[in-house]
Amino acid sequence: MTVPTQPLLRIRGLSKVFGEVPVVDRVDCDVMPGEIVMVIGPSGAGKSTLLRCVNRIEVPTTGEVVVDGVNMAGEHRNGRLVADSPAATARKRRRIGMVFQRFNLFAHLSALDNVAIGPRRVLGIKLADARALAAEQLARVHMSSHIAKRPIQLSGGQQQRVAIARAMAMRPVLMLFDEPTSALDPELVGEVLEVIRELAEEGMTMLVVTHEMQFAREVGTRVLFLDHGRVLEDASPRTFFANPGQARAKDFLRRVHAMAEG
Amino acid sequence: MGGFDWGSVWYAVPYMLRGALVTLEISFWAMALASLVGVTLGLISVSDLRVLKTLVRGYVYFVRGTPALVQIFLVYFALPRVGFELSSFWSGVVALAFNSAGFIAEIVRAGLQSIDVGQTEAALSIGMTTRQSIVHILLPQSLRRITPPMTNEVITLIKNSSLLSVISITELTRSAQLIIAERFVPFELYAALAVYYLVMISALSRASEYVERRLA
């Protein structure tokens, strides 16, 4: 017997057009709670834009994004969609964590305050409580011994772990990872992937844009293969990596393997 | 050519010190007002308030495109017409601030826009509004970049205050001119005047360098 569950993330007919070029092209996708969706594909495929459309850092040209039952674009009133005010959009974004390729830690704040500022300023929690919460989140990403440091005093891997803690401190229902290890030196990739793996094991629902194929295979519960803004494959990692259905996916994997073997 | 008339320079000291004090007072109030208005206008420039943004752009366009002297006369003669009967001191303050606020708006706008867009995206991603991202993320980071051009602006403002002699404010320049008229010693007193301004502005530059180091 299956328990009927609502998808945590529902994407319908999502397109993002820059000028005349559709970077994301009519994407449909349902993500169930606890799913770890690995979004892969060649550069320029629209993976990052897809993610950025989910939390409306990028405003989609057409289509619908619903997160945990909440339409990200606005509210339906009398059968019409009334667009959200900027403040309402900001409120909805709290529920979605995002981790960026270039970390984007707040340069003027310590690691602790990078994590505390969301609870403090967005949720209005008292400073002492926000910092306590931040310290907890930093412990989860194994950064307790660096809480007083500024971003420039941290390695890339450490910065990215703080960035993950910053997102988690908002208690999101969904996490978006936009190539979280692409800007890292090879020896620092592992520590960040390890933290993401731990979050996955705790049941966090996530969309991860990545070029780390082994990681995608091991941690993902599902793979989306994008090219030219279209979802060409939507399969389990096992199926996808063993036997990709599409010629373009096969070609992509062959090139990735060739690169990995140098 | 005769000798340098030191006597007139000494004679002028009390008058010019009083004038220097007026210059500093006017500059202080003008800078306070200009900062308040200028920072507000700069924030509007990076906000998403379309109509206000256009108005700010128009204001900056006007201030940049007209001489400070013309602006001073305009403000001085316009204020009474719109019902503000101010003393010439406060007219001068308003006139200088009117000019400076336009430049400060541009300094603040450029400072905010020089911060990496990823900082804003990260702020938005944790649920901040645009306003929160500016106040808590962009402004603190741009302070250090804004300090040097702001110092330039204060210097410009102090120097522009010499133009207020035309609306009969006895600030530093006019106090010198009054003595020149009385004793006819233009070279001596203009030389002295230059030194007075140099001293004030050097002190200010030092203070600014200190602030800049503290913000580093």
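Those protein sequence lines, which keep their order, are chains A and B.
Residue numbering for the first sequence follows the working numbering, beginning at 1067 and increasing consecutively.
Residue numbering for the second sequence follows the working numbering, beginning at 84 and increasing consecutively.
Backbone N, C-alpha and C define an ideal beta-carbon position, used for all residues, glycine too.
These figures come from a predicted structure and were not determined experimentally.
From the options, residue whose alpha carbon lies closest to that of residue i
i	options	result
Ala1111 of chain A	A:Gln1167, A:Asn1170, A:Ile1162, A:Leu1298	A:Leu1298
Lys1206 of chain A	A:Ala1313, A:Arg1263, A:Gly1085	Inspection of the sequence shows that residue 1206 of chain A is occupied by Arg rather than by Lys. Out of A:Ala1313, A:Arg1263, A:Gly1085, A:Arg1263 has the C-alpha closest to the C-alpha of Arg1206 of chain A.
Gln202 of chain B	B:Thr212, B:Trp112, B:Ile220	B:Ile220
Met1234 of chain A	A:Ile1162, A:Gln1224, A:Leu1220	A:Ile1162
Met114 of chain B	B:Leu240, B:Val200, B:Arg147	B:Leu240
Leu124 of chain B	B:Met283, B:Ser245, B:Ala193	B:Ala193
Ala1301 of chain A	A:Phe1084, A:Asp1096, A:Glu1086, A:Gly1184	A:Asp1096
Asp1134 of chain A	A:Pro1073, A:Ala1149, A:Thr1127	A:Pro1073
Gly1184 of chain A	B:Ala206, B:Ser225, B:Ala274	B:Ala206
Gly1085 of chain A	A:Gly1223, A:Leu1240, A:Pro1126	A:Pro1126
Lys1158 of chain A	A:Met1138, A:Ala1149, A:Asn1170, A:Phe1169	A:Met1138
Phe181 of chain B	B:Ile198, B:Leu195, B:Leu162, B:Ile252	B:Leu162
Val237 of chain B	B:Tyr94, B:Met99, B:Ala117, B:Trp93	B:Ala117
Trp173 of chain B	B:Leu247, B:Asn235, B:Phe145, B:Glu204	B:Leu247
Thr1071 of chain A	A:Glu1101, A:Val1093, A:Ser1081	A:Glu1101
Asp1317 of chain A	A:Gly1079, A:Leu1080, A:Ile1106, A:Ser1081	A:Ile1106
Leu152 of chain B	B:Val122, B:Glu295, B:Ala275, B:Ile250	B:Ile250
Ala274 of chain B	B:Pro150, B:Thr256, B:Phe167	B:Thr256
Cys1119 of chain A	A:Arg1146, A:Gly1079, A:Met1104	A:Gly1079
Nearest-angstrom Cα separation, counted from residue j out to residue i
i	j	result
Ser183 of chain B	Gln154 of chain B	11 Å
Ser91 of chain B	Ala103 of chain B	17 Å
Val1275 of chain A	Val143 of chain B	44 Å
Leu135 of chain B	Ile127 of chain B	7 Å
Glu1278 of chain A	Arg289 of chain B	53 Å
Arg1250 of chain A	Ala1196 of chain A	It should be pointed out that residue 1250 of chain A corresponds to Leu in this sequence rather than to Arg. So the alpha carbons of these two residues sit roughly 29 Å apart.
Leu272 of chain B	Leu1193 of chain A	58 Å
Ala1153 of chain A	Leu1292 of chain A	32 Å
Met1270 of chain A	Thr1287 of chain A	12 Å
Val120 of chain B	Arg1187 of chain A	26 Å
Ser245 of chain B	Gly175 of chain B	10 Å
Ile262 of chain B	Leu157 of chain B	28 Å
Ile278 of chain B	Val191 of chain B	For clarity, residue 278 of chain B is Val in the given sequence; the question names Ile instead. Taking the straight line joining both Cα atoms gives about 31 Å.
Pro1099 of chain A	Glu1130 of chain A	18 Å
Phe111 of chain B	Val1087 of chain A	54 Å
Gly1223 of chain A	Arg1076 of chain A	31 Å
Ala264 of chain B	Gln196 of chain B	50 Å
Val1239 of chain A	Val1148 of chain A	24 Å
Asn1170 of chain A	Ala1229 of chain A	8 Å
Thr1128 of chain A	Ala1156 of chain A	20 Å
Ser1176 of chain A	Arg1232 of chain A	12 Å
Ala259 of chain B	Val268 of chain B	10 Å
Leu138 of chain B	Gly185 of chain B	12 Å
Leu100 of chain B	Met283 of chain B	11 Å
Ser1210 of chain A	Leu1204 of chain A	6 Å
Phe1281 of chain A	Glu1253 of chain A	15 Å
Leu1116 of chain A	Leu107 of chain B	57 Å
Phe1306 of chain A	Arg1296 of chain A	16 Å
Thr234 of chain B	Val1289 of chain A	55 Å
Phe145 of chain B	Val1136 of chain A	47 Å
Ile187 of chain B	Arg227 of chain B	15 Å
Ala1182 of chain A	Val96 of chain B	57 Å
Buried versus exposed, by CB contacts within 10 Å (16 or more), residue i
i	result
Phe270 of chain B	exposed
Glu189 of chain B	buried
Ile109 of chain B	buried
Ser285 of chain B	exposed
His1323 of chain A	exposed
Ser1151 of chain A	exposed
Leu132 of chain B	exposed
Thr230 of chain B	buried
Ala1313 of chain A	exposed
Val1090 of chain A	buried
Ile1213 of chain A	buried
Gln1219 of chain A	exposed
His1142 of chain A	exposed
Thr212 of chain B	buried
Glu1245 of chain A	buried
Tyr159 of chain B	buried
Asn1144 of chain A	exposed
Beta-bridge pairing of residue i - partner residues as DSSP gives them
i	result
Leu1242 of chain A	A:Met1164, A:Leu1273
Arg1296 of chain A	A:Asp1293
Phe1084 of chain A	A:Val1087
Val165 of chain B	The partner list for Val165 of chain B (beta bridge, DSSP) is empty, contrary to what the question assumes.
Asn1137 of chain A	A:Val1132
Leu1075 of chain A	A:Val1097, A:Val1133
Met1104 of chain A	A:Val1274, A:Val1289
Leu1147 of chain A	A:His1142
Ala1301 of chain A	A:Val1289
Completely contained alpha helix (DSSP H) runs for the segment 243-293 of chain B, where each covers 4 or more residues: 255-266
Secondary structure, alpha helix (DSSP H): runs of 4+ residues fully inside the segment 1149-1220 of chain A: 1152-1159, 1177-1183, 1193-1206
Completely contained alpha helix (DSSP H) runs for the segment 123-174 of chain B, where each covers 4 or more residues: 133-148, 151-164
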